[in-house]
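Peer 1: Numbering (this note's numbering), first residue to last: 152 to 999.
(1) Given this structure, state the Cα-to-Cα distance separating residue 582 from residue 611, to the nearest angstrom.
(2) Counting pairs of beta carbons, one from the stretch 647 to 663 and one from the stretch 685 to 704, are three or more of them closer than 8 Å?
(3) Please state whether the Cβ-Cβ distance between residue 579 and residue 905 is less than 7 Å.
(4) Whose C-beta lies closer than 7 Å to the C-beta of residue 805 among residues of the same chain, with five residues either side of it excluded?
(5) DSSP on residue 577, reduced to helix/strand/coil?
(6) Report the CB separation of residue 449 from residue 424 in whole angstroms; it is logged as a contact under 8 Å.
(7) Once the 5 residues before and after residue 517 are set aside, which same chain residues still bring their CB inside 7 Å of it?
(8) Kindly indicate the opening and closing residues of the alpha helix (DSSP H) around residue 717.
(9) Find the nearest neighbour of residue 478 within the set 712, 792 and 897, judged by alpha-carbon distance.
(10) What number of angstroms, rounded off, separates the C-alpha of residue 940 from the C-alpha of residue 508?
(11) Could you please give me the residues that DSSP links to residue 772 through a beta bridge?
(12) Using the three-state DSSP reduction, which class does residue 659 fall into: helix, strand or coil?
(13) Helix, strand or coil, according to DSSP, for residue 942 in the structure here?
(14) Pairing CB atoms from the stretch 943 to 961 with CB atoms from the stretch 751 to 763, are three or more of them under 8 Å?
(15) What is the C-beta distance between residue 465 and residue 871, in whole angstroms, given that I count them as a contact (C-beta under 8 Å)?
(16) Any idea which residues DSSP pairs residue 884 with across the strands?
(17) Per DSSP, residue 413 is paired with what?
(18) Does residue 937 pass the burial test, meaning 16 or more other C-beta atoms within 10 Å, or should it be called exposed?
(19) Counting only runs of 3+ residues fully inside the stretch 384 to 447, write out the beta strand (DSSP E) ranges in chain order.
(20) Can you tell me whether residue 336 is helix, strand or coil according to DSSP?
(21) Going by the CB atoms, is the gap between residue 926 and residue 843 shorter than 7 Å?
(22) Where are the beta strand (DSSP E) runs, 3 residues long or more, that stay fully inside the stretch 701 to 749, in chain order?
(23) Starting from residue 761 and walking both ways along the alpha helix (DSSP H), at which residues does that stretch end?
(24) Count the other CB atoms within 10 Å of the CB of residue 700; is the residue buried (16 or more) or exposed (fewer)?
(25) Tell whether a beta-carbon distance below 7 Å holds between residue 388 and residue 539.
(26) From residue 972 to residue 432, what distance separates their C-alpha atoms?
(27) Under the criterion of a Cβ to heavy atom distance below 6 Å, does residue 448 qualify as lining the ligand COA?
(28) May I have the straight-line CA-CA distance separating residue 184 from residue 914, to the nearest angstrom?
(29) Give the straight-line distance between the Cα atoms of residue 375 and residue 725, rounded to the nearest whole angstrom.
(30) Inspect the beta-carbon positions of residue 694 and residue 742 and report whether they are closer than 7 Å.
(31) Can you tell me the Cβ-Cβ gap for residue 773 and residue 916, rounded? I've got them flagged as a contact below 8 Å.
(32) Label residue 440 either buried or exposed according to how many other C-beta atoms from any shown protein chain fall within 10 Å of its C-beta, with 16 as the threshold for buried.
(33) Given a cut-off of 7 Å on the beta-carbon distance, is the pair residue 568 and residue 596 in contact?
(34) Tell me which residue opens and which closes the beta strand (DSSP E) that residue 648 is part of.
(35) Under 7 Å, do residue 469 and residue 446 count as touching if we go by C-beta distance?
(36) Cβ atoms of residue 918 and residue 592: under 7 Å apart, would you say?
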C-alpha cells in the first residue's frame, strides 16, 4: 500500500474516532433513546463500526472547469501510474432553509388568491389612506418579495446543503457529524430540522407549525383573528362606555372631561371581582378603604336591582358502603357546613345591597366581603382610551383587508364528509341533519387544503377526530409506569410513593401506593364483593411534570399535534392564548395527562367516566396508551348479581309510592331492552381492537334541550357515594350526570336530540369545540394527554361560558374565571393590528 493510501486510511480512522467521541458529549435531548428511561441521562445509541461507504475504483475521466469551481462534497480519486486513489461519492438531501429532496417533486403551497388592500401608512397614531392603484401595487410587491425569499431559501438549501438522500443510516450519522462540525452546532449530533436522519428525528420531532417568515400566511392569520375577535372587542367597549357615562353623570362632568384613576395592579397579578369571581381586565370599581373590587357587570345588576346570587351548595352525605352496592342505607352522615343562620343573613345582606339614586354604589357589608363604609371608585387597568383606539384601528384594517374574507369563509368550501370514507366517520343518526358524519383525516395527509377543510367544520362547532397522531416509531414510552419512573428519577421532583386517586364509584379521593395503582392499570382491581374498582388520576402528569421531568414527552406530544396554527401552546398564530405578553401571569392550559382504569362493559355504577361537562375553552385529547383488563367468569357472575341489586334499589327509590304489578313489569321491560341493546353494542365494540374510550359530544344548539331533560330526570342519576342527585345548578357545568345507553335512548325519544357518539382509538386526537357538552367512558385502561387552546372561531362561546360560570354558587367547581378570555381578546387584537400595520407600511414604502 502506498504512503498516500496509508495516510488517507489513518486520517479516516482518526476522524471517525473523533466523531464517536463527540457523539457521547452531554446532550440532554439525546438521552431518551434508552428504552427504559427516555427522559433521564442514559448512554446514547452508537453507530456500528462497519461503515458502508459507496467506494470503488472508477474510470478516469476529465473534469471541465468553467470559472471558479465550487467547493464539492465529492472526492474523486483516479488510479494513475503506480499510485492508487479512491473516489468517494456522498449524496444526501437535508431540509434546511428551503432545501428540498430531489428524489421527489416538492409540493408547493399555493398562496391565497385573495390578497388584502395593503394601502395604509403609519404616522404615529394617524392612519392615512392611499390610492387603490398603490394598494394593488403593494399587494404585488408583497407577493413578489415572498416569492423571491422562497427562491433564495431554496437556493441556499441547494447550494450549501444539497446532498441527495442515500438511505444509509450509518452514512447519515457520519454526515450529521460533519455538518455539526461545519455549522458549529455546539458539538452535538442533533441536527433537528436540518437532517432526515431517523435518530435525529426521534431526538426532536420537527414541529408542524408553518414558517413564521411566510408574510402572506401571517397576513391571513392576522385578518382571521381580527374578523372573529372584533365583535367581542366592540361589546367590551360598549359595556365600558356605559359605565363611563354613568360615572360622568355622577361627577357632573362631560364624558370628554372624565379622567379615571389608574389601579395599582401588577402585571403578574390576577384581578377578580370579589363578588362574582369573574376576572377584571380594565374598568372596575374599588373601595379606597378595604380594596374590595367589583366588576362593571355586577355594578349594572346592582343598579337594576337584579344582582344574581345562587343558592348554597348542599353538604355531602353518605349512607354507608353497603348502600353503594345496592344494600340498605345506614343513618345519614352530614359533612361539616356553616351555620344556616349565617347563610340566611348573607343572602339578606346581598338583597339589601343597592345603589343610590345617582348611581353610586357603596362597599358591601362584612358579610359579603367588604367594609360597608366607603363609596366604590371607578378605576382602570389599561391606558385611558386604549381599547377604543384599538377598536378603531381594527375596524379600519378589517375593511382594508376585506378581500381576505372570501378565502376564510366556509360556505363556499366543498366537503367530502357527506358519506363515510377514510376521512370521515359516522357518529349520529339525526333526521334531516347534515352533520351526522364527522371529519376524520389522517395526520400524515394534512396539508393546506385539509387545513381549510378543518376550519370549515371547526367554524360550525363540530368536533374533529384526527387519526395517526401517535408516532409508532417513537422510542418514548407512554405507559404510566415508565413516566412515573422518569419523574421519580428527576432530581427536581419531590413526588412521594403515594398517589391521590379518585374512586369512580364513591367519587371520593383514595390514597394508594403507586405500584399498586399501576398494577391495577394492567391487571384490574376489585372490591371484596368482586365489583370492579375503577380508579383514575386527573391532571397527572401535570404541565409542570412535562416541562421539568418529562421534557421529551412534552415536546413530542406538542410537536405531534395536527393543525399547529391552533394547537401550538407557544407560537400558534391562531391560538389566541399565545397573545398574552410574557410578563403576564398565564393560565395553565396543559399539556396534562389523565390515567384511568376502564372496562368495555357498561356497569351503570362506578364506571370509569368523565361525567358530562362543558370546557370553557377548546381542547384536544390524544389517546397515548391502552391496556385491556378482562374479568374472569366468576367475576362476571358476581357483577350480574350486583346489577340486579342495583336495579331493585333504583325501583324502590324512583317509585317509592305504591308499586303496582304493571309498574314493576314496565321497569323490567326497560332494563331488559337496555341490556339487550348493551349486548348488541358490546359485540360491535369487540370488533374494535384499538378502541379505548367512548365519547359522546352534544351540539351547541341542543344544549337547552339537554338541560331540560337532565332537570326532568335528575333523580334517576347518582353521584357522590351513589346517592341520587339532589341539587342541580347548571346541568352541563355541575359534572354530576353521565347518560347511559338507556338515558340517551330516552333523550332522543322525548326531546329528539342525540350526541355524536364514537370510539377513540389508540393514537387518535379528538378536537372538542368550546361550548359542546361532552362525556367520556373508558373501555380499557387509558392514558390520555390533553391540551387546551383558544381559537378565534369560538371566542364568543368562551365569553358566553364565562357568563354562565359567574351565576354559579361561590363553592361550585366551575365558579372561578380561570381563562380570562377578555384579556386574551384585547392582546390578540393588538398583536393582529400591529402585524397588519407593519405589513401595510412595508408594502406602501415598497410601492413608492
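Think of the CB as a built atom: it goes at the ideal place given N, C-alpha and C, for glycine as much as any other residue.
Peer 2: Walking through what the data contain:
(1) For this step, residue 582 is matched to residue 431 along the chain shown. For this step, residue 611 is matched to residue 460 along the chain shown. When rounded, the distance between both Cα atoms is 18 Å.
(2) yes
(3) Position 428 of the chain shown, counting from 1, holds the residue named residue 579. Position 754 of the chain shown, counting from 1, holds the residue named residue 905. A contact, by the Cβ cut-off of 7 Å.
(4) Along the chain shown, read from residue 1 onward, the residue named residue 805 stands at position 654. Around residue 805: 866 and 867.
(5) To locate residue 577, count along the chain shown from 1; it is residue 426. Looking at residue 577 - three-state DSSP - the assignment turns out to be strand.
(6) Residue numbering aside, residue 449 sits at position 298 when the chain shown is read from its first letter. Residue numbering aside, residue 424 sits at position 273 when the chain shown is read from its first letter. Going by Cβ atoms, the distance from residue 449 to residue 424 rounds to 6 Å, so yes, they are a contact pair.
(7) As a position in the chain shown, residue 517 is number 366, starting the count at 1. 523, listed in sequence order.
(8) Residue numbering aside, residue 717 sits at position 566 when the chain shown is read from its first letter. Per DSSP, residue 717 belongs to the alpha helix (DSSP H) from 715 to 718.
(9) Walking along the chain shown from the start, residue 478 turns up at place 327. Considering only alpha carbons, the answer is 792.
(10) Here residue 940 refers to the residue found at position 789 of the chain shown. Here residue 508 refers to the residue found at position 357 of the chain shown. Distance between the alpha carbons of residue 940 and residue 508: 44 Å.
(11) Start at 1 with the first residue of the chain shown, and residue 772 comes out as number 621. Answer is 917 and 937, bridged to residue 772.
(12) Position 508 of the chain shown, counted from the first residue, corresponds to residue 659. Three-state DSSP puts residue 659 in a strand.
(13) What you label residue 942 is simply residue 791 of the chain shown in a count that begins at 1. If DSSP states are grouped into helix, strand and coil, residue 942 belongs with coil.
(14) no
(15) For the purposes of this step, residue 465 is taken as the residue at position 314 of the chain shown. For the purposes of this step, residue 871 is taken as the residue at position 720 of the chain shown. With a Cβ gap of about 11 Å, residue 465 and residue 871 do not count as contacting.
(16) Locating residue 884 in the chain shown gives position 733, counting from the first residue. Note: residue 884 sits in no beta bridge, so no partner.
(17) Sequence index remark: in the chain shown, residue 413 carries index 262 (1-based). In DSSP, residue 413 forms a bridge with 531.
(18) On the chain shown, residue 937 is found 786 positions in, with the first residue counted as 1. Counting Cβ neighbours within 10 Å, residue 937 comes out buried, since at least 16 surround it.
(19) 435 to 437 and 444 to 446
(20) One-based indexing of the chain shown puts residue 336 at position 185. Because residue 336 sits at a pLDDT of 34, beneath the cut-off of 50, its placement in the model cannot be relied upon, and the following sentence gives the value as read from the coordinates. It is coil, neither helix nor strand.
(21) Within the chain shown, residue 843 is the residue found at index 692, counting from 1. Within the chain shown, residue 926 is the residue found at index 775, counting from 1. Taking 7 Å as the Cβ cut-off, residue 843 and residue 926 do not qualify as a contacting pair.
(22) 743 to 747
(23) Along the chain shown, read from residue 1 onward, the residue named residue 761 stands at position 610. Where residue 761 is concerned, there is no enclosing alpha helix (DSSP H), although the beta strand (DSSP E) it sits in stretches over 760 to 764.
(24) To locate residue 700, count along the chain shown from 1; it is residue 549. It counts as buried.
(25) The residue labelled residue 388 in the question sits at position 237 within the chain shown. The residue labelled residue 539 in the question sits at position 388 within the chain shown. Yes, Cβ-Cβ distance for residue 388 and residue 539 is below 7 Å.
(26) Within the chain shown, residue 972 is the residue found at index 821, counting from 1. Within the chain shown, residue 432 is the residue found at index 281, counting from 1. Taking the straight line from one Cα to the other gives about 9 Å.
(27) Looking for the ligand COA in the displayed structure turns up nothing, as the structure carries no ligands at all.
(28) Within the chain shown, the letter at position 33 stands for residue 184. Within the chain shown, the letter at position 763 stands for residue 914. Because the pLDDT at residue 184 is just 32, under 50, the model does not fix this residue reliably, and the point stays unresolved.
(29) Here the question's residue 375 lines up with position 224 in the chain shown. Here the question's residue 725 lines up with position 574 in the chain shown. Distance between the alpha carbons of residue 375 and residue 725 is about 8 Å.
(30) Here residue 694 corresponds to residue number 543 of the chain shown, with the count starting at 1. Here residue 742 corresponds to residue number 591 of the chain shown, with the count starting at 1. Yes, the Cβ-Cβ distance between residue 694 and residue 742 is below 7 Å.
(31) The sequence position of residue 773 within the chain shown is 622, counting from 1. The sequence position of residue 916 within the chain shown is 765, counting from 1. That belief holds up - the Cβ atoms of residue 773 and residue 916 are roughly 5 Å apart, short of 8 Å.
(32) To locate residue 440, count along the chain shown from 1; it is residue 289. Classification for residue 440: exposed.
(33) Translated into positions along the chain shown, residue 568 becomes position 417. Translated into positions along the chain shown, residue 596 becomes position 445. Not in contact: residue 568 and residue 596 (Cβ atoms no closer than 7 Å).
(34) Looking up residue 648 in the chain shown gives position 497. Element bounds for residue 648: n/a, residue is neither H nor E.
(35) On the chain shown, position 318 is the one that residue 469 refers to. On the chain shown, position 295 is the one that residue 446 refers to. It is not a contact, given that the beta carbons lie outside the stated cut-off.
(36) As a first step, residue 592 is located in the chain shown; it is residue number 441 there, counting from the start. As a first step, residue 918 is located in the chain shown; it is residue number 767 there, counting from the start. No, the pair does not count as a contact, with Cβ atoms beyond the cut-off.
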